[in-house]
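In mature numbering (1 follows the signal peptide of the UniProt record, and there is no 0), the protein residues as written are -29 to -1, 1 to 201.
1) What does the alpha-carbon distance come out to for the pair residue 24 and residue 37?
2) For residue 145, does the three-state DSSP call read helix, strand or coil?
3) With a threshold of 6 Å on Cβ separation, who are the neighbours of residue 182 within its own chain once the five nearest residues in sequence on each side are excluded?
4) Using only the alpha-carbon positions, how far apart do residue 113 and residue 86 sit?
5) Using 10 angstroms around the beta-carbon of residue 233, count the other beta-carbons present and answer buried if the total reaches 16, otherwise exposed.
6) CB-CB under 6 Å to residue 190, same chain, minus the five flanking residues each way: which ones, in chain order?
7) Since residue 61 and residue 177 should fall inside the 8 Å C-beta cutoff, what is the C-beta to C-beta distance between them, to a whole number of angstroms?
8) I need the DSSP call for residue 214, collapsed to helix, strand or coil.
9) Is residue 155 closer than 7 Å to residue 142 when the C-beta atoms are compared?
10) Residue range of the beta strand (DSSP E) that residue 192 falls in?
11) If you reduce the DSSP assignment to three classes, tell me which class residue -7 lands in.
12) In chain order, what residues of the same chain have a beta carbon less than 7 Å from the beta carbon of residue 134, not counting five sequence neighbours either side?
13) Roughly how many whole angstroms lie between the Cα atoms of residue 161 and residue 68?
14) Helix, strand or coil for residue 19, going by three-state DSSP, please let me know.
15) In angstroms, rounded to a whole number, what distance separates the CA positions of residue 49 and residue 30?
Dropping the structure here:
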């Protein structure tokens, strides 16, 4: 027979476990807000004061950018504000390959590069990261063939609140005109246009995953406590 003392011990154990779980969730809590071209993440850093967070994030910048001095635009320790400019590269599925699986000139993936800014605002035990895409970087061949305008349209399609139908229509009108000049028939042009939304949805999702992975990398750096004697 289970005694009241044993029941009390089990209850205390259960309460302790629940408390530890809730404390862990609170200590590592984060929330995201999506806007058209930016994602904001708010992170709790229990047990970390403002100076510790600031120093750890600066260390992260130094380790993740080739030249921290070149990318840091603001580094205000007193105000708790850091602004960094950089470039990120995104690779995602090229859905057009499904239409032409045997065409060796059509790649299975597409890679785009973007300029971005990362703004960090730091308070005691918490900080905010605002990651904003500034523009897309056209590849050299786009500049060579005066196709920068197409990449402006691509950048306009990106929307972290959801790809918009009116922007799809604008892009498809441009694409249809381009394919007509290449003497592509109406049915094939329509198939290409049907792929626009999936392609840009994949791009936007890949960008969002990349941005959140960057934020979580910063979070890990802030959370890490050195145990070294050095």
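The beta-carbon is built from N, C-alpha and C at its ideal position, and this holds for glycine as well. It should be emphasised that the depicted structure is a prediction, and the values quoted were computed from it without experimental measurement.
On the basis of the coordinates in this document:
1) 21 Å
2) helix
3) 10, 102
4) 17 Å
5) As displayed, the chain neither begins before -29 nor continues past 201, which places residue 233 out of reach and without an answer.
6) 14
7) 5 Å
8) Lying before the first or after the last residue shown, residue 214 is absent from the chain, which here runs from -29 to 201.
9) no
10) Not the beta strand (DSSP E): residue 192 falls in the alpha helix (DSSP H), residues 167 to 194.
11) Its pLDDT being 45, under 50, residue -7 is placed unreliably by the model, and nothing is read from it.
12) 128, 168, 171, 172, 175
13) 15 Å
14) coil
15) 17 Å
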